[in-house]
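Here the numbering used here runs 7 ahead of the position in the sequence shown, where the first position is 1. Contents: one structure, followed by commentary.
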Amino acid sequence: MHAAPRDDAGPTQTDRALRLIRRTARRTISTLVCAAVAAGTLAAGTVAAPATPARAATEGVTLTVTPSAEGILAPGEDLTVTVSVVNATDSAVPAGRIDLDLNRTVLDTRTELDGWLDTAATDANSRTGPRIGRADSPEVPAGGTVDVPLTVPSGTVALQGSRGGFGPRGLTAELEAGGVDVATGRGALVWSPGEDPAPVPVAAVMPLTVPPSASDFIDAEALATYTSPGGTLVRQLDAVYGRPVAVGIDPRILASIRILGVDAPASAVEWLQRLREMPNETFALAWADADVAVQSQAGAATLLGPTDASYAVEATRFAEPGSTPAPTPTPTETAETDGSASASAGGSRGASSAAASTQPAEEPTQEPTEEPEPSPSPTAPVLSPVPSLADLTAWDHTISGVAWPAAGTMTSDDLGVLAASGITTAVLASGDVQPAGTAPVGATGTVGDTRILVTDTRVSALVDQALSAATDESFGIALAQLSATLAADAREADGHVVVAGLERGWAASGARLGQLLDAIQALPFSDTATATTALGSASVPLQVVDQPEDAGRVQRVADAMSLEAQVAAFARAVERPELITGQQRMLLLATLSNRWRDDPDGLVTVQDGYTAQADGLLGSVAITTRQNTVISDTTSLLINVSNELDQPVTVRLSIIAGSGRIRVDDSAVVTVPAHGSASARPPITSISNGDVVVTARLTTEDGTVQIGDSAPVELFIRAGFEAVVTTLFVAAVALLFGFGLFRSIRKRRRARARQLAGLPEEIDD
Numbered sequence: 008m009h010a011a012p013r014d015d016a017g018p019t020q021t022d023r024a025l026r027l028i029r030r031t032a033r034r035t036i037s038t039l040v041c042a043a044v045a046a047g048t049l050a051a052g053t054v055a056a057p058a059t060p061a062r063a064a065t066e067g068v069t070l071t072v073t074p075s076a077e078g079i080l081a082p083g084e085d086l087t088v089t090v091s092v093v094n095a096t097d098s099a100v101p102a103g104r105i106d107l108d109l110n111r112t113v114l115d116t117r118t119e120l121d122g123w124l125d126t127a128a129t130d131a132n133s134r135t136g137p138r139i140g141r142a143d144s145p146e147v148p149a150g151g152t153v154d155v156p157l158t159v160p161s162g163t164v165a166l167q168g169s170r171g172g173f174g175p176r177g178l179t180a181e182l183e184a185g186g187v188d189v190a191t192g193r194g195a196l197v198w199s200p201g202e203d204p205a206p207v208p209v210a211a212v213m214p215l216t217v218p219p220s221a222s223d224f225i226d227a228e229a230l231a232t233y234t235s236p237g238g239t240l241v242r243q244l245d246a247v248y249g250r251p252v253a254v255g256i257d258p259r260i261l262a263s264i265r266i267l268g269v270d271a272p273a274s275a276v277e278w279l280q281r282l283r284e285m286p287n288e289t290f291a292l293a294w295a296d297a298d299v300a301v302q303s304q305a306g307a308a309t310l311l312g313p314t315d316a317s318y319a320v321e322a323t324r325f326a327e328p329g330s331t332p333a334p335t336p337t338p339t340e341t342a343e344t345d346g347s348a349s350a351s352a353g354g355s356r357g358a359s360s361a362a363a364s365t366q367p368a369e370e371p372t373q374e375p376t377e378e379p380e381p382s383p384s385p386t387a388p389v390l391s392p393v394p395s396l397a398d399l400t401a402w403d404h405t406i407s408g409v410a411w412p413a414a415g416t417m418t419s420d421d422l423g424v425l426a427a428s429g430i431t432t433a434v435l436a437s438g439d440v441q442p443a444g445t446a447p448v449g450a451t452g453t454v455g456d457t458r459i460l461v462t463d464t465r466v467s468a469l470v471d472q473a474l475s476a477a478t479d480e481s482f483g484i485a486l487a488q489l490s491a492t493l494a495a496d497a498r499e500a501d502g503h504v505v506v507a508g509l510e511r512g513w514a515a516s517g518a519r520l521g522q523l524l525d526a527i528q529a530l531p532f533s534d535t536a537t538a539t540t541a542l543g544s545a546s547v548p549l550q551v552v553d554q555p556e557d558a559g560r561v562q563r564v565a566d567a568m569s570l571e572a573q574v575a576a577f578a579r580a581v582e583r584p585e586l587i588t589g590q591q592r593m594l595l596l597a598t599l600s601n602r603w604r605d606d607p608d609g610l611v612t613v614q615d616g617y618t619a620q621a622d623g624l625l626g627s628v629a630i631t632t633r634q635n636t637v638i639s640d641t642t643s644l645l646i647n648v649s650n651e652l653d654q655p656v657t658v659r660l661s662i663i664a665g666s667g668r669i670r671v672d673d674s675a676v677v678t679v680p681a682h683g684s685a686s687a688r689p690p691i692t693s694i695s696n697g698d699v700v701v702t703a704r705l706t707t708e709d710g711t712v713q714i715g716d717s718a719p720v721e722l723f724i725r726a727g728f729e730a731v732v733t734t735l736f737v738a739a740v741a742l743l744f745g746f747g748l749f750r751s752i753r754k755r756r757r758a759r760a761r762q763l764a765g766l767p768e769e770i771d772d
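Structure (C-alpha cells):
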C-alpha cells in the first residue's frame, strides 16, 4: 500500500511510480494474479463457506486449483494452472487423470463468486463449462500431496472478443482414478482484457496489542522482549509504518513504558518514540484491549476503564536529568605519563628503580597534577512531577471515540452502553450488521447515533488466512481468493470501500503483513484507502445482528465485576482507597482482554487467580480475638483487629449479643496501622453470669459496609466475682492495718514499763 502522506506533503515521485506500476501490473505480477481456491476441506482453505470436495467419491481427498505466475490472464497469454491433490486418507490414491473445465460466464458479483466456490451447496458437475485441459496424475501416497501442472493455450481458453469483459471466471478440476471420480475442486481466474474497471479502495485497521497476561502493567522484562529486534511490537510497527493502515493502540502499552520512567528498557523507549513519529491514522483501543461486548452483557452501565495508577508510580523513577541521588567523589583530570594509569600509580616505583640502575641519579620529573575537587554533599534527587493516569495514556489520536468489539459478540443493546461511555464509532464486522433498508452494507453506516465502520468479514478472514500461512503455497492460495474477491467487487463497481480488519494476535502467526499489503497494492483492480476515507463514504442505516457472547463467560465476568464492587466498598475503610481500587480495576481489565479468546484454558486460570486475589484482599482486615472473660457488671470487651494492608484502616467494631446475659452499650472505632494490629473496646453491661457467644462485626466507620467476615467471640461472664474479690481485698487490708497498729501499741507499752523499772531499753533483733 502507499505510504500515508503527511499533511504537508504532496504527490511524490514514489507515488507517481506506483501509479505507473499499477497500470502495467496486469502483465507482470504473478502470485497476486490469482484465482483460485478449491472448494475443499483444506485446513487453511476456503472462507466463503464450509467447503468439502463436491460429490467426492473418496472422502479425505481434496483438490486445490491455483493459476500460476501469469494468473491475471490477459489476451494472448496461455493459462498455467497447478492442481494440488491432497490425500488425507490411510490409503494411496492410484494414478489417474485430471480434467480442467472453464466456465466462461463472468462471475459478476461476490455473491456469484462465493456461490461458485461453495461446492457444499452447488452441484460441482453443473455449469462447469467446456473442458480445456487434461493431465495425467501420478499415484498419491497416503497422507501425501502431489502437484499436477496444466498449461492451456490461449486459443483454447478463448475468452477474447464477445465472451465478456473483465472479471472472475470459474475453474473446475476433476480427479478420476480407476474409473471412479475421486475428487473435485474449484477455483477462479481473473480475466483482464485491458479495460479494467475503477480500482476498489481497500482500507485496513489493525490492533496493536501484546500477548495477554494477568498483570496490571506489562513488566520491564516483557517490554524488553516485545521491543527487541524481532519482538512482536517491533514486527507490528515495521509492518504498518507509513502505510495507509489505521492502528488501534492499546493504551496499556503506552502506560507500561512510561510508568517505568528512567527504569524503562532503552528498546521500549526507542520503540515508543518511533510509534510517536509514525504517520498512520491511530485510535485508542480499550485498556488491555478489553472485551467491550461482554462488559455490557454482564451488566455494566458504562464500559470499564482504568481509574487510577498512582499505586504503581515510584517517584524515584522520575528524577530530573542530571540530578544525583548520592554523588560520589570524582577526581579531576590528571596528566599521565606513557602507560596506563595503574602503571603510573602502582608501577612507577619499579620503573624508577630500573632507570636508576642505568642512568645517573637525578630527581624524577612529573607532570603537574591538579588536586581532586571536593565532592559535593549528597543531596536528594530533584524529582519531576509524577505522572497521572492521563499522562501515562496520553496520545494524539487522529480518530477518537472508537470501540472495536470482537466479531460475533455484539447485541443491539450493547450499542447503548457504548454510547453512554462516550463511544461515537464502533468497528463491527459485516456479519454483525444488516441493512435497515434496501441499500447494501458498505464500509460505513449508522445505528442510532453511533457511526459504524464495517469490516468486510470475508476479506478480513482471507487476510488472516494469508498472515497465518505457514508456507508460500498457503499464502498464495489465500491471496488468490483475495484477488478474485476484489476483482468481483471491482466488477460490481458500486464504489464502496472495502475495510479489512486484522485479527488480534496476527503478529504471532508470522511476518507476512508487509508482503500482503504490497501484493494488494500491486493489483491493477484495487487501490489503497485510509480509514478516514472509509468513514467518509456513503453511509446507510444498519441494524445489529444479535450474537451474544457465551452465557458462561458472561456470568464469570459478571461475578468478577461484582467482586470488584465489593473491593471498592471495602476500600472506603482505608486512608487512600484509590491505591486499592486503581489496581483492582487494572487487574479486572487484564482478565477481559480479547487475546484470551485464543487461550480459553489460560483465561480460566486468570479468572480464578483474580477471584483468589480479591478474596484475599477482602480478608486482609480481620478479628483475631476469640475469647474474653467478663468479671464486672459494666466493662469493655478487648477485641483485637489485624491489618495486612500497606496502609492504615479505620473500622467500627460492633458486638451482636446472642443472649440476654449481656447488653451491648455501644460500638467502638479503631484505627489499625499497616501490617499491624490494634484493640477495639466496645462497652457492655453484664446481666447475669454464664458463658455466651457473641458476634463481632467490622464495618466502615459510617457502618454502611461490612469489612471482612463476622467472628464469634466466646464470653465467660463472672460478674459477681468482682465484688467478692473487692471484699476480700478490703478485709485483707483492714486486717493488715489492725495488726500493725496492735503491734505498735504493744511495743510502746513494754518500752514504758522497762523505763519505769530502770531496765535498759530493749533492742530489737
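Cβ atoms here follow ideal geometry from the backbone N, Cα and C, with glycine treated the same way.
For residue j and residue i, the rounded distance between their alpha carbons
i: N132; j: A165; result: Bear in mind that the predicted position of N132 carries a pLDDT of just 48, short of 50, making it too unreliable to give a figure here.
i: P145; j: G192; result: 17 Å
i: E556; j: D439; result: 13 Å
i: R324; j: T598; result: 28 Å
i: G710; j: F744; result: 53 Å
i: A95; j: G136; result: 29 Å
i: I714; j: N650; result: 11 Å
i: E585; j: L261; result: 21 Å
i: V252; j: P214; result: 10 Å
i: E480; j: E510; result: 21 Å
i: I669; j: T707; result: 25 Å
i: G747; j: I724; result: 37 Å
i: T31; j: R111; result: The predicted position of T31 is uncertain, since its pLDDT is 40 and thus under 50; no value can be drawn from it.
i: R34; j: V197; result: Since pLDDT at R34 reaches only 37, below the 50 mark, its modelled position is unreliable, and the value read off the structure follows with that caveat. Their Cα atoms are separated by approximately 12 Å.
i: A485; j: V92; result: 17 Å
i: R13; j: M285; result: Confidence at R13 is low in this model, with a pLDDT of 35, below 50, so its placement is unreliable and the value that follows should be read with caution. Looking at the two C-alpha atoms, the distance is approximately 10 Å.
i: L25; j: I79; result: Here the model assigns L25 a pLDDT of 39, short of 50, so the residue's position is not dependable, and the following value carries that caveat. Each residue's Cα considered, the two are about 19 Å apart.
i: A487; j: Q472; result: 11 Å
i: P206; j: P531; result: 7 Å
i: N573; j: S627; result: First, the amino acid is wrong: residue 573 is Gln here, not Asn. If you take the alpha carbons of Q573 and S627, they lie about 13 Å apart.
i: A305; j: D605; result: 21 Å
i: Q654; j: L742; result: 55 Å
Minimum Cβ-Cβ distance from residue i to chain C less than 7 Å
i: V164; result: Absence of chain C from the displayed structure is noted, only one protein chain being present.
Beta carbon of residue i nearer than 7 Å to that of residue j
i: L652; j: A621; result: no
i: A190; j: T69; result: yes
i: L114; j: P175; result: yes
i: T451; j: L460; result: yes
i: P690; j: D672; result: yes
i: A507; j: S467; result: yes
i: A580; j: V676; result: no
i: L595; j: W603; result: no
i: V547; j: A446; result: yes
i: E254; j: V505; result: It is worth fixing the name first, because residue 254 is Val in this sequence and not Glu. Not in contact: V254 and V505 (Cβ atoms no closer than 7 Å).
i: M593; j: P313; result: yes
i: V72; j: A142; result: no
Inter-residue CB distance, residue i and residue j (contact presumed, cutoff 8 Å)
i: G589; j: A322; result: That belief does not hold up - the Cβ atoms of G589 and A322 are roughly 16 Å apart, past 8 Å.
i: F290; j: S263; result: Not quite, the Cβ-Cβ distance comes to about 19 Å (not below 8 Å), so this is no contact.
i: T158; j: D85; result: 6 Å
i: D257; j: L292; result: 5 Å
i: V217; j: L240; result: 7 Å
Residue i beta carbon near the ligand ADP (any heavy atom closer than 6 Å)
i: A291; result: Absence of the ligand ADP from the depicted structure is noted, as is the absence of any ligand whatsoever, leaving it without description.
- How do the stretch 688-705 and the stretch 660-670 stand: do at least 3 beta-carbon pairs fall below 8 Å, yes or no? Output reads yes: the stretch 660-670 touches the stretch 688-705.
- Which runs of the alpha helix (DSSP H) spanning at least 4 residues fall entirely within the stretch 162-236, listed in chain order? Runs found: 227-233.
- At least three beta-carbon pairs within less than 8 Å, the stretch 562-570 to the stretch 415-431: These segments do not touch.
- Length at least 3, wholly inside the stretch 490-527: the beta strand (DSSP E) runs in chain order: Segments of the beta strand (DSSP E) lying fully in the stretch 490-527: 505-508.
- Note down, one range per segment and in chain order, each beta strand (DSSP E) of at least 3 residues found wholly within the stretch 617-697. The beta strand (DSSP E) runs of length 3 or more contained entirely in the stretch 617-697 are, from start to end of the chain, 628-630, 634-637, 641-643, 646-650, 656-663, 669-671, 675-679, 683-687, 690-693.
- Message: Just to confirm the assignment: which complete beta strand (DSSP E) runs, minimum length 3, are found wholly within the stretch 435-496?
- Response: Positions of the beta strand (DSSP E) runs, each at least 3 residues long and wholly inside the stretch 435-496, are given as 440-442, 451-454, 457-462 in order along the chain.
- Could you tell me which uninterrupted beta strand (DSSP E) segments, each at least 3 residues in length, are contained entirely in the stretch 515-598, listed from first to last along the chain? Within the stretch 515-598, the beta strand (DSSP E) runs of at least 3 residues that lie entirely inside it are, in chain order, 533-535, 546-551.
- Task: Note down, one range per segment and in chain order, each beta strand (DSSP E) of at least 3 residues found wholly within the stretch 260-317.
- Result: Given a length threshold of 3 residues, each whole run of the beta strand (DSSP E) inside the stretch 260-317 is given here in chain order: 289-291.
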